[in-house]
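Novice: Below is one structure. I have some questions about it.
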Amino acid sequence: MVCPHACIRSKVYDGALLETAPEAFKSTTAKWREFADKKFTIQVSTEDCTGCTLCVETCPAKNKSAVGLKAINMAEQRPLREQERTNWEFFLGIPDLPRDTEAIRFNSVKNVQLLRPLFEFSGACAGCGETPYVKLLSQLYGDRALIGNATGCSSIYGGNLPTTPWAVDAQGRGPAWANSLFEDNAEFGLGFRLTLDSHNNYAKVVLGQLAAQIGDGLVDAIMTADQSTEAGICAQRTRVADLKAKLAGIDDPRARDLIVVADTLVKKSVWMLGGDGWAYDIGYGGLDHVLSTGHDVNILVLDTEVYSNTGGQASKSTAMGAVAKFAAGGKPSNKKDLGRMAMAYGTAYVAQVSLGASDAQTIKAFTEAESYPGPSIIIAYSHCIAHGIDMAKGLQQQKAAVESGAFLTYRYDPRLVPQGKNPLQLDCKGPIIPLQDFIYNENRFRMLQASNPAAAAELLDQAQKGVKAHWKLYQQMAAAEVGV
Amino acid sequence: MDLRTNYLGLDLAHPIMPSASPLSKGLDKVKRLEDAGAPAITVYSLFEEQIDQESHQLDHFLEFGTDSFAEALSYFPDLGNYNVGPDEYLNLIRDAKQNTSIPIIGSLNGVSDGGWTRYAKLIQEAGADALELNVYYIPTDPKLTSADVESLYIDVVKAVRAEVTIPLAVKVGPYFSSPANVLSRIVEAGADGLVLFNRFYQPDFDLEALEVVPRVVLSTSDDLRLPLRWTAILHGRIGADIALTSGVHCHEDVIKALMAGASVVQVAAELMHNGPSRIKELLAALTAWLEEREYTSVKQMIGSMSQKSVREPAAFERANYMKALASWSDDPTGKLI
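Chains as they are written, first to last, in the numbering used here: chain A, 6 to 489; chain B, 1144 to 1480.
Below you can see the structure in the form of C-alpha cells.
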C-alpha cells in the first residue's frame, strides 16, 4: 500500500494458473477465509522500483531466525532483473479479482491491496509521500473517477506527457484526468460534477421518453438502481451496455443523444486533487466556494506543508518554526487549520489522514468521503523531499507528526448529526511525544536550530504550546453534545 | 569545615561536581548548576560523530534532490552560516566561561585519532579550564587483540594531549585485561586525571518490534562499588587525580569515594532525578558527617581507605572474592537452607 510507484502488487487467483508459471515465480496459499482454496502472490516490478526502501522500512514481518531480514528486502537488481521481468509479465497476465466480487469488501488494508492501481510508475521522487494516496484513490475509484488536478507536483508526475501514470484496467476503464491551473482547480472539478449531473438528468429525461421502445423493465431498473456498492455499480454498467445496444436499433434522434450521455447513468466519482499550495493558498477561494455548494465532489489535499514542485516556498500550511523560502527565519505563524474551516460549514465531510500513522484510518476516510453525498475534503499528510529527511523514513515521520500532535487525524461526518452523534471522531491520541522528537528529525526545522538557535528555541516553545492547545480544542469539539 | 579539594590543578570549593551530561546543555542550565553550588562543571560531551556527521548530514539534506528537476533547483533558502554541533558547543564553553566564576571543563568523546582531535584545541581556545576526554569503545572485531585496543586508547590520549596545554582528564570504562596497567599508561601518555568509570550502556531487545534498542538505565548506589575498588587500588600509585563517577547518589557514596582516593566525585543520575539543588543537600549531609566524626577537612580523608592505607590490602583482591562467596552460606534470604 505504501509503494509510491505502484511497483508492488498482490493478486489472489486460481492455483491452476500456476501450471504455466515461470520456475522462479513465487506463490503461497491465500490467507483469506473467503479464498481458502486460492493462491496468493506479491510481485515486484523490479525494473520500475526506484529503490526508495519505504516498503522495507514499513514492513513489520521479520524473519524468525534473523530479524534483520524482513518479508521484503532490498537486493541488487541486476542478478534478479531477467528472472523478475519474466515473473512480472506472468503476474500481469493473472486476472484481477472482479471489483464486484461478493466474497470480500474492499474496505481494509488487506483487501485493498488486491485492487489494481490505475496510477503507476509516475515520475514522482523516490519515496514520495503523496503518490501512495493518489494510488489508493485510483485503486478504490479509478475505474469511474474524473479527476481535476491542480498545478503542482501531482500535475507534473501525473501528466508528464506524452507519458502518463494514469492507467486502465483489463476492461479498459481508467480515470479521466485533466490538469487545470493553480488558482481554479476546485472550480474546474466542480465543472465535471455539474456536467455529469446535467448529462445524467438529460439521460433520465430521454430514458423516460423512450421507455416504451427501450422496455419499461430496463428503464425502471436503470432509474432505480442502487449504486452504493461495487456490485450495484457493475450491475448498472451491464444495464447501460444493454441500453446502448437497444438504442443503436432505435431510429430516433433522442436515442442517438442518449447513447452519448448514457454512461453518466453509471455512478461516477469526481475528485479534485492538489497540494497545499493550491488548497490552502492560491486555490483556496475556489475550494471554499465548492465546499459551500453542497455538490457531491471529493477533494484530496496532498499536504506537504510547502510548495514542493517550485522548490520549497512556504505555504499557509507550513508549520510554525519550519524554514522554507519566504520563511527563512522559521515560519512565525501556525499552520492554517483548513480542516476546521471546512467543518465550519457543517455540511462537508472532512478528514485528516496520515498513511504512516494509520493505513486503516486512511482507507476508512477515503471510503466515507466518497460515499458522502456532498462535498468531502481529505487532507493527507505527505512527507516530502522538501522536508529535508531521509525519504526511506518518511512513514515514520508521518507517524511522528501525528504522535507529536502536529498533525491530528480525524474524520468529521455530517451524517452522524441526525443520529444525535457528534460528527467529529478523533482518530489519534493527541500529543504523546514531544514536538521536538518529530521536528528535529527534519532539516526544515533543524536548519533554524543550526542558524539561529535562540529563534528556534522560541518557536519550538510556542509551537509546542500551540500543539497542546490545538489538541484541547479538538477534544472539546469532539466531546460536545449535538442536538438533532 | 574545610571542604576544598584540588582536581586537575584546579582549586575547587568542594568535591561534588556534576559530570558530563544533559544537565549542562545550554548556558541557562550551566548557570543553574553554578547557582546550585557546583564547584566546577564538566560540560556535556561533544562527540566525534557529531563533529563529522552533523555538518555532513545537514549539508546532505540541504542538497538532496537539488538540480534534479526542471522546476525546482533547490528546496531550502540559503541561510549562510550554520552552527552545527561543534560550533554550538564551543559557543557554550565560551559563554559559560564569561558568565560563571567556576572552572569549566570541556568534554570530548571520541575513539579514533582522526581530525576531530583538533576540537580539543578549539575547546581550550574557547576558554575551558581543563578537558575531559571520554573514550568509549566496544571492540567487536574478534581479530582485535587486547594490545591493539590498549594502543588505540593510548594513541587517542597522545593525539589529544598534543593539541592542548590545559589539564587533561581521561574517562574510560573498566573492561581491560589489566586495568591498572592501561590506566597508568594513559597517565604516562599525558593524562593529568582519570575519571573512573564510564558506564557502558547496554542495548536491550524490544520483543514486540524485534529490534535492538538503546535503553539508558541510570546508575544506583550499587554501581559505586566497581569504581570504588579501582579508585582505592590506584590511589597514590599512578600520579594522577581520580574523579569517581557512576553510582554516587548520597553523602555516604561521596564519603566512600573520597576515602577510596577520589579527589572529586562526579554526579549525574542523582541530579537528573532530583535537580541541581541536590548538590547542596549532599554537601550539607557530608559536612554534618565530617563534623560529627571530627574531621577537619576533606583532604584529610582522601585516600584514607585506599589499598595503600588499609590494614588488609587483600580486601581489594582475590581473597575478598573468596570471602564474599563464603559469606553467602549465611543465606541472607533464608530460603536456601
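We put the beta carbon where it would ideally sit given N, CA and C, even for glycine. On a predicted model such as this, the values are computed, not experimentally measured, just so you know.
1) With the cut-off set at 8 Å, would you say Pro1246(B) and Ala1273(B) are in Cβ contact?
2) Residues of the stretch 382-400 of chain A in Cβ contact with chain B at a cutoff of 9 Å, in chain order, please.
3) Can you tell me which residues form a DSSP beta bridge with Trp182(A)?
4) Quick check: the stretch 1182-1189 of chain B against the stretch 1153-1170 of chain B, are at least 3 beta-carbon pairs closer than 8 Å?
5) Taking the C-alpha atoms as reference points, what is the distance between Asn68(A) and Ile77(A)?
6) Just the C-alpha distance for Gln1241(B) and Lys1172(B), rounded to the nearest angstrom, thanks.
7) Closer than 8 Å by beta-carbon distance: list the chain B residues that pair up with Met452(A), in chain order.
8) Is the distance from the Cβ of Leu431(A) to the Cβ of Ala483(A) below 8 Å?
9) What does DSSP give as the partner residue(s) for Thr1388(B) in the beta ladder?
10) Measure the Cβ-Cβ separation of Ala1412(B) and Thr1374(B) and say whether it is below 8 Å.
11) Beta carbons nearer than 9 Å to chain B: which residues of the stretch 436-468 of chain A have them?
12) Determine the extent of the beta strand (DSSP E) in which Thr372(A) is found, giving its start and end residues.
13) Do you know whose CA, among Leu1176(B), Leu1216(B), Gly1169(B), lies nearest Arg1421(B)'s CA?
14) Consult DSSP for Leu431(A) and reduce its assignment to one of helix, strand or coil.
15) Can Ala230(A) and Gln241(A) be called in contact, C-beta distance under 8 Å?
16) Note down, in chain order, all residues in the stretch 276-310 of chain A with a beta-carbon under 8 Å from any beta-carbon belonging to chain B.
17) For the stretch 130-145 of chain A and the stretch 392-399 of chain A, state whether three or more C-beta atom pairs, one from each stretch, are separated by less than 8 Å.
18) Between Glu39(A) and Ser1362(B), what straight-line distance do the alpha-carbon atoms span, to the nearest angstrom?
19) Rounding to the nearest angstrom, what Cα-Cα distance links Pro1310(B) and Arg1261(B) in this structure?
20) Beta strand (DSSP E) containing Val1254(B): first to last residue?
21) In three-state DSSP terms, what is Ser381(A)?
22) I'd like to know whether the C-beta atoms of Met452(A) and Tyr1225(B) end up nearer to each other than 8 Å.
23) Assuming Ala21(A) contacts Phe95(A) (C-beta within less than 8 Å), just tell me the rounded distance between them.
24) Under 8 Å, do Thr323(A) and Val311(A) count as touching if we go by C-beta distance?
25) Express the C-alpha separation of Gly128(A) and Asn165(A) in angstroms, rounding to a whole number.
26) Based on DSSP bridge pairs, tell me the residues matched to Arg416(A).
27) So, helix, strand or coil for Trp37(A), using DSSP?
28) What's the call for Leu1351(B), buried or exposed, on a 16-neighbour Cβ count within 10 Å?
29) Need the endpoints of the alpha helix (DSSP H) that Trp1373(B) sits in, please.
30) Pop quiz: Ala397(A) and Thr58(A) are said to be a contact at Cβ under 8 Å. What is the actual Cβ separation, rounded to whole angstroms?
31) Can you tell me the Cβ-Cβ gap for Val1338(B) and Glu1293(B), rounded? I've got them flagged as a contact below 8 Å.
32) Between which two residues does the alpha helix (DSSP H) containing Val1315(B) stretch?
33) Mind listing the chain A neighbours of Glu1214(B)? Cutoff is C-beta to C-beta under 8 Å, in chain order.
34) Span of the beta strand (DSSP E) holding Pro1161(B)?
35) For Phe45(A), tell me which candidate among His10(A), Arg90(A), Asp101(A) has the shortest Cα-Cα distance.
36) In angstroms with no decimal places, state the Cα-to-Cα distance between Leu440(A) and Ala327(A).
Specialist: On the basis of the coordinates in this document:
1) Your numbering for residue 1246(B) matches position 103 in the second sequence. Your numbering for residue 1273(B) matches position 130 in the second sequence. Closer than 8 Å, so yes.
2) Cys389, Ile390, Ala391, His392, Gly393, Ile394, Asp395, Met396
3) The residue you call residue 182(A) lines up with position 177 of the first sequence. Note: Trp182(A) sits in a beta bridge opposite Ile152(A).
4) yes
5) Indexing the first sequence from 1 puts residue 68(A) at position 63. Indexing the first sequence from 1 puts residue 77(A) at position 72. One C-alpha to the other measures close to 10 Å.
6) By 1-based counting over the second sequence, the position of residue 1241(B) is 98. By 1-based counting over the second sequence, the position of residue 1172(B) is 29. If I take the Cα positions, the gap works out to 14 Å.
7) Stepping through the first sequence from its first residue, residue 452(A) is reached at position 447. Those within 8 Å of Met452(A) in chain B are Leu1201, Leu1205, Phe1219, Leu1222, Tyr1225.
8) What you label residue 431(A) is simply residue 426 of the first sequence in a count that begins at 1. What you label residue 483(A) is simply residue 478 of the first sequence in a count that begins at 1. It is a contact, given that the beta carbons lie within the stated cut-off.
9) Here residue 1388(B) is taken as the residue at index 245 of the second sequence, counted from 1. Per DSSP, Gln1409(B).
10) Position 269 of the second sequence holds residue 1412(B). Position 231 of the second sequence holds residue 1374(B). The answer is no: Cβ separation not under 8 Å.
11) Glu447, Asn448, Arg449, Arg451, Met452, Leu453, Gln454, Ala455, Ser456, Asn457, Pro458, Ala462
12) The residue given as residue 372(A) occupies position 367 in the first sequence. Per DSSP, Thr372(A) belongs to no beta strand (DSSP E); it is in the alpha helix (DSSP H), 364-376.
13) Looking up residue 1421(B) in the second sequence gives position 278. Closest option to Arg1421(B), Cα to Cα, is Leu1176(B).
14) Here residue 431(A) corresponds to residue number 426 of the first sequence, with the count starting at 1. Leu431(A): strand per DSSP, three-state reduction.
15) Looking up residue 230(A) in the first sequence gives position 225. Looking up residue 241(A) in the first sequence gives position 236. Cβ atoms of Ala230(A) and Gln241(A): closer than 8 Å.
16) none
17) yes
18) Within the first sequence, the letter at position 34 stands for residue 39(A). Within the second sequence, the letter at position 219 stands for residue 1362(B). The straight-line gap from Cα to Cα measures roughly 55 Å.
19) Counted from its first residue, the second sequence places residue 1310(B) at position 167. Counted from its first residue, the second sequence places residue 1261(B) at position 118. When rounded, the distance between both Cα atoms is 16 Å.
20) As a working mapping, residue 1254(B) is identified with position 111 in the second sequence. No beta strand (DSSP E) contains Val1254(B), which DSSP labels as neither H nor E.
21) Here the question's residue 381(A) lines up with position 376 in the first sequence. Three-state DSSP puts Ser381(A) in a strand.
22) Residue 452(A) sits at position 447 when you count from the first residue of the first sequence. Residue 1225(B) sits at position 82 when you count from the first residue of the second sequence. Yes, Cβ-Cβ distance for Met452(A) and Tyr1225(B) is below 8 Å.
23) Here residue 21(A) refers to the residue found at position 16 when the first sequence is read from its first residue. Here residue 95(A) refers to the residue found at position 90 when the first sequence is read from its first residue. Rounded, the Cβ-Cβ distance is 14 Å, inconsistent with contact.
24) Position 318 of the first sequence holds residue 323(A). Position 306 of the first sequence holds residue 311(A). Contact: yes.
25) Within the first sequence, residue 165(A) is the residue found at index 160, counting from 1. Within the first sequence, residue 128(A) is the residue found at index 123, counting from 1. For Asn165(A) and Gly128(A), the distance between alpha carbons rounds to 8 Å.
26) What you label residue 416(A) is simply residue 411 of the first sequence in a count that begins at 1. Bridge partners of Arg416(A): Ala356(A), Gln430(A).
27) Indexing the first sequence from 1 puts residue 37(A) at position 32. Three-state DSSP puts Trp37(A) in coil, outside helix and strand.
28) Here residue 1351(B) corresponds to residue number 208 of the second sequence, with the count starting at 1. Position check: residue 1351(B) holds Glu in this sequence, whereas Leu was assumed. It is exposed - the Cβ of Glu1351(B) has fewer than 16 other Cβ atoms within 10 Å.
29) Here residue 1373(B) refers to the residue found at position 230 of the second sequence. Unbroken alpha helix (DSSP H) run through Trp1373(B): 1368-1377.
30) As a position in the first sequence, residue 397(A) is number 392, starting the count at 1. As a position in the first sequence, residue 58(A) is number 53, starting the count at 1. About 4 Å separates the two Cβ atoms, so the contact holds.
31) Residue numbering aside, residue 1338(B) sits at position 195 when the second sequence is read from its first letter. Residue numbering aside, residue 1293(B) sits at position 150 when the second sequence is read from its first letter. Rounded, the Cβ-Cβ distance is 18 Å, inconsistent with contact.
32) In the second sequence, residue 1315(B) corresponds to position 172, counting from 1. From DSSP, Val1315(B) is part of no alpha helix (DSSP H) but of the beta strand (DSSP E) over 1311-1315.
33) On the second sequence, position 71 is the one that residue 1214(B) refers to. Correct list: Ile161, Asn314, Thr315, Gly316.
34) Stepping through the second sequence from its first residue, residue 1161(B) is reached at position 18. Run containing Pro1161(B): 1159-1161, per the beta strand (DSSP E) assignment.
35) Residue mapping note: residue 45(A) aligns to position 40 of the first sequence, counting from 1. For Phe45(A), the nearest C-alpha among the options comes from Asp101(A).
36) Taking the first residue of the first sequence as 1, we reach residue 440(A) at position 435. Taking the first residue of the first sequence as 1, we reach residue 327(A) at position 322. Answer to the nearest angstrom: the Cα atoms are 12 Å apart.
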